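Structure first, commentary second.
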Amino acid sequence: MAKQKAHAAQKESTATGKPAKRKPAKRSESAKTKSKQKLSKADYKAEMERLQLELVKMQEWVKHAGLKVVVIFEGRDAAGKGGVIKRIHDCLNPRGCRIVALGKPTEREQTQWYFQRYVAHLPAAGEIVLFDRSWYNRAGVERVMGFCTHAEYTEFIRTCPEFEHMLQRSGIILVKYWFSVSDEEQERRFQDRISDPTKRWKLSPMDLEARARWVEYSKAKDDMFAMTDTTRSPWYVVDADDKKRARLNCINHLLSLIPYKDLTPEPIVLPERQVAIDYERPPLESQTFIPEPF
């Protein structure tokens, strides 16, 4: 029955030329109750280590099978996107997994096809690309702050599903996450950033301006979902009020979307080090060592 509904939705999309809409999934009472349970540090650490080991296996399979993976992380400021990206990237080989966080477009980029500067960062075979914000900037900050015209926004929101379908037809696995955080929790995290000098850089003038336009951002997000949460390329929403639980849930879900086989090699045995027969180290006094105040 589920397959028939999905086929019907795709058929409707083809017939009308518009992306098929998806009904939002309802959260069960058990899920809501579970989200309130405190996750101990020990349990979090154990689960994170287990999931990161699976991420390593997944990356080996991506490389072996020549897969091309794009994961988009979007959401409100202070929703915890960066924390999840860090936990994914830290345990993977950086030669095959990279983070893309593009800044303000240059004057030259502003004259290009909108998607062009993102296309340059798409993966080759065997690569994983994590987009810390993405082409959806046009649906959010650019629209709300007036950085694009209404015509440019309309063109984007109309062609975005087509662009993503084109990527998928070319063999790219595209996963889109939206991190949802409550107003109260976002406020708490903002205050934490203000009081902590090591986190203050995370609070930009744009973040402050966004607070004054909260309603506009909310409407922009709703419009974005209405047009781009499609059967082919759905948005997956992460309840991010609990950072640790959000990290575990997101990584676990990502692993479920990319079937992989365990290609763990045999344990590595270090060969014997070459014996220094005709080599003598230079005296330590001939080298410049850094000071050691600790």
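Counting with full-length UniProt numbering, you get residues 1 to 294 for the letters of the sequence shown.
Built from N, CA and C at the ideal position, the CB exists for glycine as well.
Note that the structure is predicted; figures quoted are calculated from it, not measured.
Between the region 155-168 and the region 52-66 there are fewer than three inter-stretch CB-CB distances shorter than 8 Å, so the stretches are not counted as touching.
Closest in C-alpha terms to residue 232, from the list 62, 73, 176, 88, comes 176. Judged by their CB atoms, residue 258 and residue 61 are nearer to each other than the 9 Å cut-off.
Judged by DSSP in its simplified three-state form, residue 180 adopts strand.
Within the region 208-284, the complete beta strand (DSSP E) segments at least 3 residues long are 235-239, listed from N- to C-terminus. Excluding residues up to 5 positions away in sequence, 181, 182, 185 lie with their Cβ nearer than 7 Å to the Cβ of residue 241 in the same chain. Beta-bridge annotation (DSSP): residue 73 is paired with 132, 177. When rounded, the separation of the alpha-carbon atoms in residue 288 and residue 86 is 34 Å.
If you ignore the 5 residues before and after residue 115, its C-beta comes within less than 7 Å of the C-beta of 135, 163, all in its own chain and listed in chain order. Distance between residue 39 and residue 244, taken at the CA atoms: about 8 Å. Annotated three-state conformation of residue 142 is helix, per DSSP. Sorting 98, 53, 160 by C-alpha distance to the C-alpha of residue 264 places 53 at the top. Straight across, the Cα-Cα distance linking residue 97 with residue 172 is about 14 Å.
Taking a contact to require three or more Cβ pairs closer than 8 Å, the region 90-109 and the region 269-286 do not qualify as touching.
Beyond the five residues adjoining it in sequence on each side, residue 294 comes within less than 7 Å, by CB distance, of no other residue in the same chain. Approximately 6 Å separates the beta-carbon atoms of residue 129 and residue 100; this is inside 8 Å, confirming the contact. When DSSP states are grouped into helix, strand and coil, residue 50 belongs to the helix group.
A direct Cα-Cα distance of roughly 18 Å separates residue 206 from residue 195. The beta carbon of residue 117 sits closer than 8 Å to the beta carbons of 102, 105, 109 from its chain, once the five residues preceding and following it are set aside; these are given in chain order. Shown here for residue 225: same chain residues with a beta carbon closer than 7 Å to its own, the five before and five after excluded, namely 235 in chain order. With respect to residue 81, residue 43 sits apart: the two C-beta atoms are not nearer than 9 Å. Under the three-state reduction of DSSP output, residue 290 falls in the coil class, being neither helix nor strand.
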